[in-house]
Structure formats: C-alpha cells, structure tokens
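Protein chains in written order, with the working numbering: chain R, 31 to 308; chain L, 17 to 199; chain Z, 215 to 433.
Where a beta carbon is used, it is the ideal one built from N, C-alpha and C, also for glycine.
Worksheet: the structure to be examined is printed underneath.
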Ligand SMILES: [Fe+2]
Ligand SMILES: [Fe+2]
C-alpha cells in the first residue's frame with residue numbers, strides 16, 4: 031500500500047456519488063441571495079423556523095455523515111503515511127488512532143441519525159473537499175488542516191445541529207450531537223497541542239502550518255455557508271472553539287474569513303447569474 | 017387541459033421542460049385533473065426545494081425552486097422521482113383546494129408550520145398509495161419537528177398518513193389538538 | 215470477626231500463584247519490544263486501509279480496531295522502562311528480517327477489490343499469531359514478579375479475541391464463491407510461510423518451541 035492517497039481513490043460502494051468543491055462552485059444557483067434587493071428570505075440559518083427545516087437538516091446530516099467518513103479516513107491515513115519518530119511522534123500517531131476510533135463511532139451515529147431523519151446512505155452527493163483540502167503530505171500541515179480546520183468546522187456544525195435538536199425538541203438529535211461535540215473538541219485540542227509541541231523550536235514551520243490552516247478554513251467556509259451573518263447556514267461556535275484551544279483572535283480571524291467568503295460567493299453568483307441571463 | 021412549462025430551456029441546471037411536461041401530464045391524469053390548465057414555472061436560480069402553488073377555477077400555477085426537481089446525488093441533474101413527487105404534491109394540494117374540502121384553508125403563505133406539515137402528511141400518505149416511492153420516515157420526521165417528538169404525535173401522524181379523505185377543518189383541528197397534547 | 219492480631223498465611227489457600235517463570239527481565243523486555251513493534255505495524259496498516267476498503271461496515275471496524283492495537287503498543291511502550299529499558303525505541307524492533315518481510319507482504323494489498331486479502335492477512339494470520347505469542351507469555355512468565363505484563367496481556371488478549379472473531383466473521387461474509395475461498399486460502403498460505411520463517415511475533419520461540427534455553431530464567 032502506497033503512502034499518500036489521492037482523494038479520487040477514496041473507496042466507496044455504488045451508493046455514493048462524489049463531487050469536488052470545483053463542481054460545487056460551478057453551480058451558479060445559490061441559496062444565498064446575491065442582491066440586497068432579493069425578495070427571498072435573508073436568513074439561511076439552520077433553525078426549525080425555516081419552512082424547509084427537515085429537508086435542510088437531513089441534507090446537512092448526510093453531509094456530516096460523509097464528512098465523518100473522510101475524517102475517519104484522514105486520521106487512519108496519518109497512522110500510515112508518516113514514519114514513527116522521524117516524521118511523526120509516536121504519541122501523535124496514537125492520538126490519530128484514537129481519533130480513527132472516534133470518527134468510526136461518528137459514522138455509526140450519523141448512520142443511525144440518517145435513519146431517524148428518513149434519509150438513505152448516498153442520497154446526497156458527497157463533496158470530497160474535506161479530505162482533499164485537509165490531507166497535506168507534511169504531518170504538521172495535515173494536523174493544522176485536519177485537526178484544527180476540519181475539526182473546527184465540525185464543532186461549528188455540531189453546535190448548529192445540537193441547537194436545532196434542542197429547539198425542535200428532538201431528544202435523539204440533541205443527545206447525539208452533544209456527544210460528538212465532546213469528541214470534536216478533544217480532536218481540536220489534540221491538534222492544537224501537537225502543533226505547539228512539534229513546532230516548538232521551528233517558528234517558520236508553525237507559521238507555515240497556521241497559514242495552511244487559514245487557507246483550509248476559508249475553503250471550509252464553503253463559499254459563505256459559515257459566518258456570523260444570518261445569510262450563512264452555520265455560525266461560529268466560539269465557546270466550544272475556545273474550549274478546544276482556539277484563541278479569541280483565531281476565532282475572529284475565522285469569522286472574518288467567513289464573511290469574506292460570503293461576499294466573494296455573492297459576487298461570483300451575481301456574475302454567473304448575469305452571464306446566464308445574457 | 018393545457019400544461020405549460022417555463023423556462024423552455026434551462027441554463028443553470030440540466031433540466032428538460034418537455035420531460036417535466038410529460039411527467040406533469042401523467043400525474044394530472046392519475047389525479048383526474050384533466051379539466052383544468054396547469055402552468056409550471058421553475059425558478060432555476062435557487063437550489064432550494066420550496067414549491068409555491070396557486071389555484072383559480074381555471075388554472076393551477078406551480079412554481080418550484082429547482083431543488084424540488086433535482087437529483088440530490090447528482091447536483092443540477094433532473095430526477096424523475098423528485099419531479100414526479102413535486103408534481104403529485106403540488107397537484108394534490110391544488111385538488112384539495114378545488115374540490116377536496118379545503119375551501120377554508122388559508123393561503124399557502126399563511127399556513128402555520130404545523131398546519132403545512134399536517135397537510136403534507138395527508139398528501140404524501142396518498143401519494144405512497146399511488147405506487148410512487150415516498151420516504152415515510154422523512155415525512156414522520158417533518159411531522160414530529162412540527163408537532164412534537166412523542167407517541168401522541170406519532171399516533172396522529174399514522175392516522176393522517178392512512179386516510180384518503182379528510183377536510184381542512186378536520187385536519188387543522190387534528191394538528192391543533194396534537195400541539196396541545198405535546199405542549 | 216476473627217482476632218485481628220492472629221497471624222494469617224501470606225498466601226491464601228486459594229492463591230496458587232507460583233514464583234518461577236521462564237523469562238528473565240532482559241528476555242521479557244526483548245519480547246515486549248517485539249510486541250510493541252508488531253502492534254505498531256498492525257495499527258498503522260489498519261489505519262491506512264480504512265480509506266481503501268469500499269465496504270462501509272468494514273471501514274468502520276478497521277477504524278475501531280486500529281485504535282485498540284495503538285493502545286496495545288502504548289501499553290508495551292510504557293512497560294519497557296519498567297523492564298530497565300530507558301530508551302524504549304532501542305527495543306522497538308522486528309524479531310528478524312522475515313518479520314519485516316511479513317509486514318511488507320501483509321500490507322501489499324491496496325486496491326478496493328482486495329478486502330478479502332487485507333482481512334485474511336490480519337485476522338487469519340497476524341492476530342492468531344499475536345494470540346498464541348501472548349498466551350505463551352501469559353502461561354510461562356512468573357505470576358508474581360511479572361504481574362504487570364500479565365495484567366496487560368489479559369487486557370490485550372480480550373481485544374485480540376474480540377477483534378479476531380469480528381474479523382473472521384467479516385471474512386466469512388465476504389466469501390461468496392469457491393474462487394474467493396481459494397483466494398483467501400492462497401493469501402493465507404503465502405503469509406503463513408513467511409511467518410514460519412519469522413518464527414512468530416517475537417521470533418523463534420514465540421510459543422515456546424524451537425526456543426534456545428532462556429538466559430537467566432528460573433525454571
Ligand atoms: Fe467526527
Ligand atoms: Fe473529529
């Protein structure tokens with residue numbers, strides 16, 4: 031088995047259909063109103079108050095499900111791709127193995143929640159951006175990408191879903207999301223701790239890792255789907271992020287990236303929609 | 017009966033208006049809506065799944081956002097099942113208003129979320145008996161979201177799902193009573 | 215209650231543990247170092263394979279099992295300094311070259327169609343050899359001086375049995391044709407032959423046979 035697996039090779043059964051972030055961005059349609067004068071509702075926050083709440087929650091749940099599969103695969107690959115000692119400390123690899131177990135449970139939980147909400151495995155397209163963006167060939171960059179950017183996004187998503195469950199009175203959803211949230215905080219903490227430890231005497235490498243994280247964070251703002259604006263379906267879960275070792279400066283930076291991504295996406299949509307009309 | 021579909025050609029999605037018209041015609045025949053014109057105007061700029069339906073004595077206007085007809089596995093591609101479901105849901109809603117005892121129902125925009133969920137349950141239950149694949153668990157989940165996650169709510173869901181004939185007054189009372197029980 | 219001042223036998227009548235054991239401190243450390251090396255190779259392979267198997271249930275099981283073997287490696291890593299090896303990496307070694315070749319052969323299958331081979335290598339060859347080496351160690355080490363190793367082995371063996379059973383059932387569920395049975399058997403035989411050369415997880419003598427007399431052992 032080779033080291034460093036390209037995203038196209040992630041193994042799936044025939045129920046899954048994988049798409050890339052490029053496919054997704056080529057879609058000129060948008061739930062985000064591109065024009066201020068748009069008549070469509072301005073809040074895209076995932077709350078039960080949305081008329082399409084069940085559909086939206088089901089689709090997000092499937093996104094979580096495939097995200098968990100990719101997180102499981104990413105953590106597993108870190109155990110394999112890097113030589114113990116020379117490339118990655120033994121303790122870091124033990125943590126990644128632990129994370130693989132946690133992510134395997136998250137896949138199990140997501141499957142059960144999918145049944146509960148009435149969706150099938152593979153019912154929605156699988157965006158492979160998580161694995162693609164997060165799995166760098168440098169262990170420190172991978173840690174920043176997977177354990178800080180990807181897992182940070184997981185904290186935001188689970189916080190939204192937990193709140194959704196609370197508001198809708200869905201005890202099952204709230205219970206599961208709360209447990210997954212606890213694990214994700216642990217995973218981000220692992221990332222924060224190892225990043226600090228491994229780059230202790232290498233400020234240049236730390237800087238590079240944080241820059242990489244920032245790029246991945248922007249990608250994970252999904253063209254504006256995560257920001258402080260109500261036009262984004264997800265918010266930024268500051269309290270849980272701080273528990274996991276993000277500083278408030280880092281959280282503000284992610285908030286800024288989110289708003290930037292939202293504005294860029296809106297401009298892009300305006301352009302594409304104008305082009306389509308001509 | 018005339019069925020018209022706009023736009024004729026799609027640029028944001030790979031949909032086919034003739035295909036939509038064929039499916040709509042078939043569903044209209046199944047539902048006995050052959051004596052009224054139907055206009056379908058797809059808003060292809062949004063991927064969301066909402067469908068607005070308006071009815072007069074001579075015209076049913078169906079305005080789906082493109083997500084309602086889409087194959088969720090293959091973004092921007094049309095799904096035969098989703099299109100069939102969207103047409104059946106819209107036309108049953110229209111038929112209920114025209115001749116199904118729903119004359120007293122408020123306009124779509126004025127329905128409360130629980131009322132909309134109860135009506136949808138009634139519609140989807142009937143569609144499931146038309147040999148069209150419907151995800152009952154998804155409908156149940158929507159009903160629970162609007163009426164509570166408890167046995168009383170599930171019981172009412174089953175009742176509505178299995179009925180072939182209920183009036184708006186009966187349905188809205190069932191929904192309101194369930195909310196009282198769940199509170 | 216009996217008089218608390220009355221002398222009691224230090225070993226209760228039901229405590230039949232014996233002092234002698236087959237392994238010296240050095241021999242124990244050598245074996246433990248091999249166990250750690252082998253458990254590491256196993257968790258790394260399982261982790262790597264997760265992304266290569268299309269079967270969703272197996273993907274999740276590999277993720278779960280990956281952690282268990284990492285934990286076993288950690289237990290052995292922590293045991294080494296207690297056996298006077300202050301630099302655990304020094305003894306974290308394969309038993310011999312054949313063992314290295316065994317791991318290479320076991321981790322060779324990569325394509326998504328090769329789930330049978332992946333599972334056979336782990337659950338029909340590698341893990342059964344862990345079970346036998348650990349059982350031999352458990353039954354032959356001093357029940358008094360080496361109790362910490364015994365305690366770890368008991369935890370680990372419980373995992374190995376559980377995972378072996380799960381893996382074996384997954385293999386059985388994948389074998390649908392006689393050709394697939396042949397495939398599984400051929401791969402098992404290929405790996406077992408390399409393992410024969412290696413002599414087991416801890417080299418020759420892993421389960422006591424072909425063992426040179428242990429150095430400094432009390433038996
Ligand atoms: Fe997770
Ligand atoms: Fe995680």
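- Three-state secondary structure (DSSP) at residue 264/R? Three-state result, residue 264/R: strand.
- Task: Under 8 angstroms Cβ to Cβ from residue 175/R, same chain only, skipping five residues before and after it: list those, please.
- Result: Around residue 175/R: 163, 164, 165, 166, 242, 243 and 246.
- Beta-carbon contacts of residue 140/R that lie in its chain and below 6 angstroms, excluding the five residues immediately before and after: The beta carbon of residue 140/R sits closer than 6 angstroms to those of 94, 95 and 98, all from its chain and outside the five residues before and after it, given in chain order.
- Message: Would residue 104/L pass as an interface residue toward chain R - the criterion being a Cβ-Cβ separation below 8 angstroms?
- Response: Answer no: the Cβ-Cβ gap between residue 104/L and chain R never drops below 8 angstroms.
- Pick out the complete alpha helix (DSSP H) segments inside the stretch 55-100 of chain L, 4 residues or longer, and give them in chain order. Correct list: empty.
- Beta-carbon gap between residue 39/L and residue 88/L smaller than 8 angstroms: Their beta carbons are not under 8 angstroms apart, which means residue 39/L does not touch residue 88/L by this criterion.
- Check whether the stretch 139-157 of chain L touches the stretch 127-140 of chain R, taking contact to mean three or more Cβ pairs, one atom from each stretch, closer than 8 angstroms. Short answer: they don't touch.
- Taking any Cβ of chain L, which residues in the stretch 32-63 of chain R have a Cβ under 8 angstroms from it, in chain order? 47, 49, 53, 54, 57, 58, 59, 60 and 61: these are the residues of the stretch 32-63 of chain R whose beta carbon lies less than 8 angstroms from some beta carbon of chain L, given in chain order.
- Query: By a C-beta neighbour count over all protein chains shown, 10 Å radius and 16 as the cutoff for buried, is residue 423/Z buried or exposed?
  - Reply: It counts as exposed.
- Item | Strand pairing of residue 26/R, partner residues [DSSP] | This structure cannot settle anything about residue 26/R, because the visible part of chain R is limited to 31 through 308.
- Item | residue 143/R beta carbon less than 8 angstroms from that of residue 203/R | For residue 203/R and residue 143/R, yes; Cβs fall inside 8 angstroms.
- Task: Quick one: using the 10 Å Cβ neighbour count with 16 as the cut-off for buried, is residue 220/Z buried or exposed?
- Result: The residue is exposed, with fewer than 16 neighbouring Cβ atoms inside 10 Å.
- Query: Can you round the beta-carbon distance between residue 261/R and residue 74/R to whole angstroms, since I take them to be within the 8 angstroms contact cut?
  - Reply: With a Cβ gap of about 5 angstroms, residue 261/R and residue 74/R count as contacting.
- So, helix, strand or coil for residue 157/R, using DSSP? Note: residue 157/R maps to strand in three-state DSSP.
- Task: Would you check if there are 3 or more beta carbon pairs closer than 8 angstroms linking the stretch 79-92 of chain R to the stretch 236-244 of chain Z?
- Result: Result no; under three Cβ-Cβ pairs closer than 8 angstroms.
- Which chain R residues are close to residue 82/L, counting only those with a beta carbon under 9 angstroms from its beta carbon? Simply 59.
- Should residue 395/Z go down as buried or exposed, given a rule of 16 or more other Cβ atoms within 10 Å for buried? A residue is called buried once 16 or more other Cβ atoms fall within 10 Å of its Cβ, and residue 395/Z, having fewer, is exposed.
- Beta carbon of residue 132/R: closer than 7 angstroms to some heavy atom of ligand 2? Yes, ligand 2 has a heavy atom inside 7 angstroms of this Cβ.
- Contact check, residue 259/Z vs residue 110/R under 8 angstroms by CB: the rounded distance? About 7 angstroms separates the two Cβ atoms, so the contact holds.
- Under 8 angstroms between the Cβ atoms of residue 64/L and residue 47/L? Contact: no.
- Query: What did DSSP end up calling residue 111/L once you bin it into helix, strand or coil?
  - Reply: The answer is helix: DSSP assigns residue 111/L an H, G or I state.
- Query: Rounded to the nearest angstrom, how far is the Cβ of residue 32/L from that of residue 94/L, given a contact under 8 angstroms?
  - Reply: Separation of the CB atoms of residue 32/L and residue 94/L is rounded to 6 angstroms, and the pair is thereby assigned contact status at 8 angstroms.
- Task: Output the boundary residues of the alpha helix (DSSP H) element that contains residue 21/L.
- Result: Where residue 21/L is concerned, there is no enclosing alpha helix (DSSP H), although the beta strand (DSSP E) it sits in stretches over 19-22.
- Task: Ignore the nearest five residues each way along the sequence and tell me which others in residue 219/R's own chain have a CB closer than 6 angstroms to its CB.
- Result: Excluding sequence neighbours, residue 219/R sits near 274 and 275.
- How about residue 303/R: is its C-beta nearer than 8 angstroms to some C-beta of chain L? Chain L contact via Cβ: present.
- Which residues in chain R sit within 8 angstroms of residue 62/L, going by Cβ to Cβ distance? Those are 59, 60, 61 and 70, listed as they occur along chain R.
- Query: Are residue 345/Z and residue 382/Z closer than 8 angstroms when you measure CB to CB?
  - Reply: No.
- Message: According to DSSP, residue 48/R sits in a beta bridge with which residue or residues?
- Response: Its beta-bridge partners are 156/R.
- Message: For a test of your reading of the model: does the CB of residue 184/R fall under 7 angstroms from any non-hydrogen atom of ligand 1? Yes or no.
- Response: Within the cutoff, so yes.
- Report yes if the C-beta distance between residue 266/Z and residue 31/R is below 8 angstroms; otherwise report no. Yes, these two residues count as a Cβ contact at 8 angstroms.
- Task: With a 10 Å radius around its C-beta and 16 neighbouring C-beta atoms as the bar for buried, classify residue 44/R as buried or exposed.
- Result: Residue 44/R counts as exposed, since fewer than 16 other C-beta atoms from the protein chains shown sit within 10 angstroms of its C-beta.
- Please find out if some non-hydrogen atom of ligand 4 comes closer than 7 angstroms to the beta-carbon of residue 213/R. Among the ligands present in this structure, namely ligand 1 and ligand 2, ligand 4 is not found.
- Message: Shorter than 7 angstroms, the distance from the beta carbon of residue 210/R to the closest heavy atom of ligand 1, or not?
- Response: Checking every heavy atom of ligand 1 against the Cβ of residue 210/R, one is found closer than 7 angstroms.
- Considering only residues of the same chain and omitting the five flanking positions on each side of residue 66/R, which have a CB-CB separation below 6 angstroms? Annotation note: pLDDT 43 at residue 66/R (below 50); position unreliable, coordinate value reported separately. The answer is none, since no qualifying residue turns up.
- Query: Looking only at its own chain, which residues have a Cβ that is under 6 angstroms from the Cβ of residue 149/R, when we skip the five neighbours before and after it?
  - Reply: Sequence-distant partners of residue 149/R (beyond 5 residues in either direction) whose C-beta falls short of 6 angstroms from its own C-beta, in its chain, are 88 and 92.
- Message: residue 91/L and residue 58/R - do their beta-carbons sit closer together than 8 angstroms?
- Response: Contact flag unset, no.
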